[in-house]
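Colleague: In the UniProt record's numbering, the protein residues as written are 1 to 156.
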Amino acid sequence: MRTLELPAGGMVLARGLRRGTPAPDPPPQFGLYLLGHPPERPGLYGRYLVGLRPWTPPWPYERVDWPDFSAPRRPGEATDQLRATLARIERGERVEIACGGGRGRTGTALAALAVLQGMSPAQAVGWVRAAYAAGAVESRAQHRFLHRIAEAGQAP
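#1: Here's the rule: buried if 16 or more other CB atoms are within 10 angstroms of the residue's CB, otherwise exposed. What is ALA8?
#2: Identify whether GLY126 lies in helix, strand or coil by the three-state DSSP scheme.
#3: With C-beta atoms as the reference, is LEU13 less than 8 angstroms away from PRO28?
#4: Drop a sphere of 10 angstroms on the beta-carbon of ARG140, count the other beta-carbons inside from all chains shown, and report buried for 16 or more, exposed for fewer.
#5: So what does DSSP say about ASP65, is it helix, strand or coil?
#6: Please classify GLU96 as buried or exposed, where buried requires at least 16 other C-beta atoms within 10 Å of its C-beta.
#7: ALA136 and ARG144 - do their beta-carbons sit closer together than 8 angstroms?
#8: In three-state DSSP terms, what is residue 184?
#9: Which stretch, first to last residue, makes up the beta strand (DSSP E) that contains GLY31?
#10: By DSSP, does THR108 sit in helix, in strand, or in coil?
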């Protein structure tokens, strides 16, 4: 688990949910979980290959429907969830963002927050790879998602 300061301000907790990863202490006030399944019902891949266990966060949370190594299934809805999460962070709430492994989807979400704060997608990827994980933002689909957010932010 890492605590990161976003480029334009605000602190966020980031981690993977794999077996053995401790829950934050103190706990977050809100969690945004980037999973292709509800946390209480991990799929076969999550259970057997990644080691996810059924889990319901004891704090308020939302799930972004986001398969591993991909982009969110509903990008517009995911962007709205990320905007709302950024507003919580900027208000000073203790927010956690996590996926199964804690790298690709979590890194992409962190980069998306940086894009929403005004960075270009390339700058945001560079920032998240330096500040969080060298392998963050793993796929072309994840890069395209960041560009989509940037383009939507420029719309009148």
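Virtual Cβ for every residue (Gly too), placed ideally from N, Cα, C. Here the structure is a predicted model, which is why all the values come from computation and not from measurement.
Modeller: On the basis of the coordinates in this document:
#1: exposed
#2: helix
#3: yes
#4: exposed
#5: strand
#6: buried
#7: no
#8: With the chain covering 1 to 156 only, the question about residue 184 has no answer from this structure.
#9: 30-35
#10: helix
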